[in-house]
Each structure stands twice: as C-alpha cells, then as structure tokens.
Amino acid sequence: MKADKQPQHFRVNKQRLRFTAIAALLFTLLIVAQFGCLIAAACIPRTDIQHNLEESSALLNRHEVFFYASTSNPASRIDRYADSILMNIIYYYDSEHPVTSVLRSSYYHTDSENENVNLKYALANAPAPTLEYSRYWHGSIALLRPLLLILNLKQIYILLGSTLLLLTALLILCMIRYRYGRSTILCFLTGSIMISIWYVPFSLEYIWTFLLMNLACILVTVLYEKGQDALWLLLMCIGSLTAYFDFLTTETLTLLVPLALILIKAYQPSADRWSDTTFHLTSFSDGVRFSLPACLLWLLAYAGTWSLKWGIGSLILHENLFQSALSQASFRLSGAIDITDQGIVDETTMLLQAIPRNLYYLFPFSYLGQHAVPVIFLTLFGIAFFYYMTRRGSHINPLPLLLGILACVPLLRYLVLSNHSYIHCFFTYRALFATIFCIGTAVCQGVDADWLKKKWRKLWNPSKSRTARKRRS
Numbered sequence: 002m003k004a005d006k007q008p009q010h011f012r013v014n015k016q017r018l019r020f021t022a023i024a025a026l027l028f029t030l031l032i033v034a035q036f037g038c039l040i041a042a043a044c045i046p047r048t049d050i051q052h053n054l055e056e057s058s059a060l061l062n063r064h065e066v067f068f069y070a071s072t073s074n075p076a077s078r079i080d081r082y083a084d085s086i087l088m089n090i091i092y093y094y095d096s097e098h099p100v101t102s103v104l105r106s107s108y109y110h111t112d113s114e115n116e117n118v119n120l121k122y123a124l125a126n127a128p129a130p131t132l133e134y135s136r137y138w139h140g141s142i143a144l145l146r147p148l149l150l151i152l153n154l155k156q157i158y159i160l161l162g163s164t165l166l167l168l169t170a171l172l173i174l175c176m177i178r179y180r181y182g183r184s185t186i187l188c189f190l191t192g193s194i195m196i197s198i199w200y201v202p203f204s205l206e207y208i209w210t211f212l213l214m215n216l217a218c219i220l221v222t223v224l225y226e227k228g229q230d231a232l233w234l235l236l237m238c239i240g241s242l243t244a245y246f247d248f249l250t251t252e253t254l255t256l257l258v259p260l261a262l263i264l265i266k267a268y269q270p271s272a273d274r275w276s277d278t279t280f281h282l283t284s285f286s287d288g289v290r291f292s293l294p295a296c297l298l299w300l301l302a303y304a305g306t307w308s309l310k311w312g313i314g315s316l317i318l319h320e321n322l323f324q325s326a327l328s329q330a331s332f333r334l335s336g337a338i339d340i341t342d343q344g345i346v347d348e349t350t351m352l353l354q355a356i357p358r359n360l361y362y363l364f365p366f367s368y369l370g371q372h373a374v375p376v377i378f379l380t381l382f383g384i385a386f387f388y389y390m391t392r393r394g395s396h397i398n399p400l401p402l403l404l405g406i407l408a409c410v411p412l413l414r415y416l417v418l419s420n421h422s423y424i425h426c427f428f429t430y431r432a433l434f435a436t437i438f439c440i441g442t443a444v445c446q447g448v449d450a451d452w453l454k455k456k457w458r459k460l461w462n463p464s465k466s467r468t469a470r471k472r473r474s
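The sequence shown maps to residues 2 to 474 in my numbering.
Structure follows, in structure tokens:
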C-alpha cells in the first residue's frame with residue numbers, strides 16, 4: 002500500500018523553509034564577497050595608483066565641487082563633492098591594514114577648504130587622515146581602485162557612461178525580444194529624458210543606481226520564466242548591492258523599475274495563456290502577493306547590508322559605529338538646516354517643499370523657473386483627465402492600480418527623508434524616473450486603445466466618417 006501523500010500545508014511550509022535557507026545563505030555569501038572585494042582592493046599599494054589619482058585630482062580641481070554643465074538648466078548640476086571624498090578615501094586605503102582601513106574609510110578633511118582642494122593637498126603632502134566616513138560601505142571602491150591602476154577619473158567617467166549606454170541598449174533589446182510592447186519602451190525612454198539621464202555619467206555618485214537598475218531590469222526580463230522564487234532572490238541581491246554601492250541618492254530605482262517590469266510581463270487578461278509560467282497576474286491580489294515579499298526582501302537586504310557594515314566595524318574596531326550612523330539617520334529624517342542663500346529652513350518647510358523641489362528639476366519643467374510647479378500639476382491633471390476619459394471598461398485591469406502604487410513610493414521617500422530630499426533635490430529628483438515610468442505605463446495599459454484608434458481615424462479622415470454615418474442612416 003502506498004504511503005499517504007504529504008498534506009498541502011506541510012509541503013508549503015517545507016518550501017518556505019527551503020527558500021528561507023537559500024535566501025539566508027545567498028545573502029551571507031554576498032556580504033562575504035562584498036567585504037572581500039573591498040579588502041582585496043585595499044591591498045593594492047598606494048604608490049601604484051598615485052599617478053592616476055593626481056590626474057584625477059587635477060580634473061576635480063578644474064571646477065568647483067558643485068557646478069552646472071548648462072547655466073540655463075538647474076537639472077545640469079554636477080556633484081563632484083562626493084567624488085572628491087571618494088578619491089580621498091581611495092588614497093587612504095592602507096595595504097598594510099586593509100581590513101581596518103576599509104571599515105574606517107578615513108580621509109583628509111579641513112573645514113577651510115573644499116573637498117577637491119583637500120584631496121589635492123592630501124596627494125601632495127600625505128598628511129594623516131582627519132575624518133572617518135564609516136557609515137557607508139563605499140562599495141564602488143572595489144571597482145574604482147583596480148581601475149585606477151590603468152585609468153584616471155576622466156577615463157573612468159567615459160567607461161561607466163559607455164557601460165550605462167550599453168546596458169540601456171541591451172535592456173531595450175530585451176524588452177523587444179520578450180515582447181514588452183512599444184508603450185513600455187516609450188515610457189522608459191521618456192523617463193530617461195525627463196530626468197536628464199545624459200548628466201548622470203558626469204558624477205560617480207549619480208551613476209551606480211542606474212547601472213544596477215538597468216542590470217536588474219535585464220535580469221528580470223531574462224529570468225522571468227524561472228519563477229517567482231528566482232525573481233525574489235534576484236531583487237534581494239539587488240537590494241544588498243544597492244546599499245553596497247549607493248550614497249543614498251536614488252536607491253528606490255533598483256526595486257521599483259524591475260518590479261514594474263515583472264508585473265507588466267505577468268499581466269495577461271486571459272489566464273489560460275499562462276500554462277508555461279509560475280507567476281501570472283490576473284487580479285490585484287495576485288500583484289500584492291508577489292510584490293509585498295519582493296519589496297520586503299529588497300528592504301531587508303538593503304537595511305541588513307547597511308547595518309552589517311556598522312556591526313562588523315563595531316566588532317573589529319571596538320568602537321560603536323551605530324551611534325554616529327543612527328545620529329546622521331535621525332538628522333536626515335528631520336531637523337532644521339541652515340542654507341546659505343535661504344537662512345534657517347525649519348522642518349515644516351522641508352516637509353511641504355520636499356516633493357515640489359524635486360519635481361522642479363524634471364525636464365522640461367526645469368527651464369520654466371518659478372512657473373514650473375503650476376505647470377507640473379496642470380500636466381498631472383491633464384494625464385489624469387485623459388486616463389479617466391479613455392480608460393477601459395470591458396474588464397478590470399489590475400496593472401494600472403499596482404503601477405500607480407509603485408509610482409507613489411519615491412514621493413513617500415521624499416516625505417520620510419524630507420531633510421535629505423530638500424537639501425539634495427538636485428540629484429534625488431532622478432528617483433522620479435520610476436514614478437514617470439510607472440504612471441506612463443499605467444496610462445498606456447489602462448486606456449482603451451481601440452477607442453483611441455477610432456477617434457484618431459475620425460480626426461484625420463473626417464470625410465470617411467461622414468460617409469460612414471450617411472450609409473448607416
């Protein structure tokens with residue numbers, strides 16, 4: 002007699018335990034690899050990269066740490082402040098003490114000079130470091146320090162910009178290959194234009210999340226048929242890599258855009274066409290059941306990677322790195338600031354202005370000056386009205402609502418981190434790429450295309466429309 006089959010709930014719990022074990026092992030291996038890559042980069046002798054660092058410093062000192070690539074466009078503001086600090090940290094990585102130098106991330110700083118000038122002085126005189134930047138992983142150094150063996154900063158900008166262009170082209174080819182539709186590609190390109198993507202390669206600080214976002218998007222299109230577990234694990238890894246590379250710039254891009262592509266691919270009104278895949282979207286609840294674990298895994302990996310830097314550092318250095326990191330986090334959540342041209346800006350003003358200040362930088366609104374915000378809201382009203390007038394009514398499409406929820410996440414981020422979003426709006430606004438992409442795709446997915454085609458034909462062929470009406474009468 003055959004043994005009874007295992008109960009359904011037992012099989013489900015066994016699958017969950019297996020997935021949890023795989024996720025924990027994968028996350029652990031990723032942290033070990035990330036830490037190991039930084040230590041390996043720190044083992045490169047300082048003398049081997051000295052020449053290219055000096056050339057990089059010369060480039061950074063040609064401009065102020067903040068400058069405009071185009072004087073007529075506020076969105077063209079380039080941040081070389083963080084790049085100067087990063088080069089400074091790279092210089093002070095010590096091949097004789099690789100572990101502690103990675104954890105401390107020390108650099109030479111004086112309040113009397115800008116960071117590009119401090120870097121130049123450090124390279125010329127090799128003073129002792131005066132400040133630690135231990136709350137970030139600075140994972141990009143694992144790539145930049147080896148690259149500085151053969152390239153200077155200008156050449157690295159060109160290399161990373163070319164990589165971004167290549168990944169974008171490859172992603173568009175993947176969208177075509179896996180039939181995402183012209184509207185999805187058009188919304189992606191529109192979002193890229195509105196956030197002035199062409200300025201991103203001019204700053205190391207800006208580019209990492211876009212490289213990760215494009216890489217994640219390519220992988221979700223290629224690995225989609227592997228099933229939801231594979232997609233969840235992929236987003237978990239991307240969350241960890243985001244914390245590893247990013248300077249708290251546009252971190253939500255690496256979650257929202259790949260997740261949106263998964264939902265777009267998964268949606269089909271006819272369920273019987275999905276016999277060959279493990280995840281399909283036929284209702285709003287399907288989307289929620291997939292998206293919530295995906296977001297949770299990304300967030301846990303992101304927060305876990307960040308906090309592990311503080312934990313490992315506290316353990317090895319015998320110092321409490323959590324105190325300074327959490328103090329800075331509390332300040333970014335709220336806290337009044339003193340801005341040179343505005344004076345004291347209180348918490349309420351930052352909360353109310355965080356979203357408008359970021360919207361202002363979107364192309365082409367950044368050229369409109371003080372009229373930008375009213376025009377933006379009129380544009381949003383126009384999009385909402387267009388969608389209301391042309392939405393489908395033949396069946397319930399869950400995709401526009403799901404994408405609409407994702408589109409709100411960057412706005413919520415601006416409110417939660419109002420201090421950070423208010424001060425650094427000149428680069429945090431690029432997180433709105435996800436909002437633009439999701440809203441545009443939601444509208445394209447939700448409108449009645451057949452109705453629009455009929456209206457379009459009537460507009461351009463009024464004589465045929467009148468003839469058709471006469472025949473019917």
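Cβ atoms here follow ideal geometry from the backbone N, Cα and C, with glycine treated the same way.
**Asked** From which residue to which residue does the alpha helix (DSSP H) around Tyr69 run?
**Response** Boundaries for Tyr69: no alpha helix (DSSP H) harbours it, while the beta strand (DSSP E) harbouring it runs Phe67 to Tyr69, taken from the DSSP string.
**Prompt:** Is it a yes or a no for the stretch 15-30 touching the stretch 56-69, going by three-plus beta-carbon pairs under 8 Å?
**Reply:** no
**Message:** Within a Cβ cutoff of 8 Å, which residues of the same chain sit near Ser102, ignoring the five residues on either side of it in sequence?
**Reply:** Ala43, Tyr93, Tyr94 and Asp95
**Request:** Count the C-beta pairs between the stretch 151-165 and the stretch 46-58 that are closer than 8 Å, then say yes if the count reaches three, no if not.
**Result:** yes
**Prompt:** Where does Glu133 sit, in a helix, a strand or coil, going by DSSP?
**Reply:** strand
**Prompt:** Leaving out the 5 sequence neighbours to the left and right, which residues in its chain are closer than 8 Å to Ile186 when beta-carbon positions are compared?
**Reply:** Ile173, Met176 and Ile177
**Asked** For the stretch 80-158, which segments carrying the alpha helix (DSSP H) assignment without a break, of at least 4 residues, lie completely within its bounds, in sequence order?
**Response** 82-93, 99-105, 116-126 and 142-148
**Prompt:** Going by other Cβ atoms of all chains shown within 10 Å of its Cβ, with 16 needed for buried, is Glu114 buried or exposed?
**Reply:** exposed
**Request:** Could you tell me if Arg180 is buried or exposed, where buried requires 16 or more neighbouring beta carbons within 10 angstroms of its beta carbon?
**Result:** exposed
**Item:** Simplified DSSP assignment, three categories, for Ile345
**Value:** Strand.
**Exposed unless 16 or more other CB atoms sit within 10 angstroms - verdict on Lys15** = exposed
**DSSP three-state assignment for Tyr268, whether helix, strand or coil** = strand
**Request:** Quick one: grab the DSSP three-state call for Leu369.
**Result:** coil
**Message:** Can you give me the C-alpha to C-alpha distance between Met237 and Arg78, rounded to a whole angstrom?
**Reply:** Approximately 32 Å between the Cα atoms of the pair.
**Heavy atom of the ligand ADP within 6 Å of Thr429 beta-carbon** = The model depicted lacks the ligand ADP and carries no ligand whatsoever.
**Message:** Below 8 Å, how does it come out for the stretch 402-421 and the stretch 347-367: are there three or more Cβ pairs, yes or no?
**Reply:** yes
**Asked** Straight-line CA distance for Thr350 to Ile424?
**Response** 12 Å
**Asked** Which same chain residues, not among the five before or five after Val376, have their C-beta less than 8 Å away from its C-beta?
**Response** Phe366 and Leu369
**Prompt:** With C-beta atoms as the reference, is Ala83 less than 7 Å away from Glu206?
**Reply:** yes
**Prompt:** Thr169 and Ile437 look like a contact to me (Cβ under 8 Å); what is the Cβ gap, rounded to whole Å?
**Reply:** About 15 Å; that fails the 8 Å criterion.
**Request:** For Lys3, name the three-state secondary structure that DSSP assigns.
**Result:** Note that Lys3 scores 48 on pLDDT, short of 50, meaning its location in the model is unreliable and no value can be drawn from it.
**Prompt:** Leaving out five residues before and five after Phe248 in sequence, what residues of the same chain have Cβ atoms less than 7 Å from its Cβ?
**Reply:** Ala83, Tyr137 and Glu206
**Request:** Can you tell me which of Leu322, Ser58 and His98 puts its alpha carbon nearest to the alpha carbon of Arg81?
**Result:** When each option's Cα is compared against that of Arg81, the closest is Ser58.
**Asked** Whose C-beta lies closer than 7 Å to the C-beta of Ala70 among residues of the same chain, with five residues either side of it excluded?
**Response** Closer than 7 Å at the Cβ level, and outside the excluded window around Ala70, lie Ser77, Ile79, Tyr200 and Phe203.
**Asked** Apart from the five residues just before and just after Tyr430, which ones in its own chain have a Cβ nearer than 6 Å to its Cβ?
**Response** Asn359 and Tyr362
**Asked** By DSSP, does Ser276 sit in helix, in strand, or in coil?
**Response** Its pLDDT being 43, under 50, Ser276 is placed unreliably in this model, and the coordinates cannot settle the point.
**Prompt:** What three-state label does DSSP hand Leu166 in the structure shown?
**Reply:** helix
**Prompt:** Using DSSP with H/G/I as helix, E/B as strand and the rest coil, what is Arg78?
**Reply:** It is a strand residue.
**Message:** If you measure between the beta carbons of Gly240 and Ala302, is that distance less than 7 Å?
**Reply:** yes
**Item:** Contacting residues, own chain, Cβ-Cβ under 7 Å from Met195 (five flanking each side not counted)
**Value:** Leu363, Phe364 and Ile437
**Request:** Report back the beta-carbon spacing between Gly314 and Leu104 to the nearest angstrom; my notes put them in contact at under 8 Å.
**Result:** 4 Å
**Prompt:** So Ile45 is in the alpha helix (DSSP H); what residue range does that whole segment cover?
**Reply:** Premise fails: Ile45 is in no alpha helix (DSSP H) and is neither H nor E.
**Message:** I'd like to know whether the C-beta atoms of Pro399 and Phe291 end up nearer to each other than 7 Å.
**Reply:** It is not a contact, given that the beta carbons lie outside the stated cut-off.
**Message:** Taking the straight line between their C-alpha atoms, what separation do you get for Gly312 and Cys38?
**Reply:** 18 Å
**Prompt:** Which residues in the same chain as Asn117 place their Cβ atom closer than 6 Å to its Cβ, once the five residues preceding and following it in sequence are excluded?
**Reply:** Result list for Asn117: Leu61, Asn62, Val66 and Ser85, in chain order.
**Asked** Helix, strand or coil for Leu282 per DSSP?
**Response** strand
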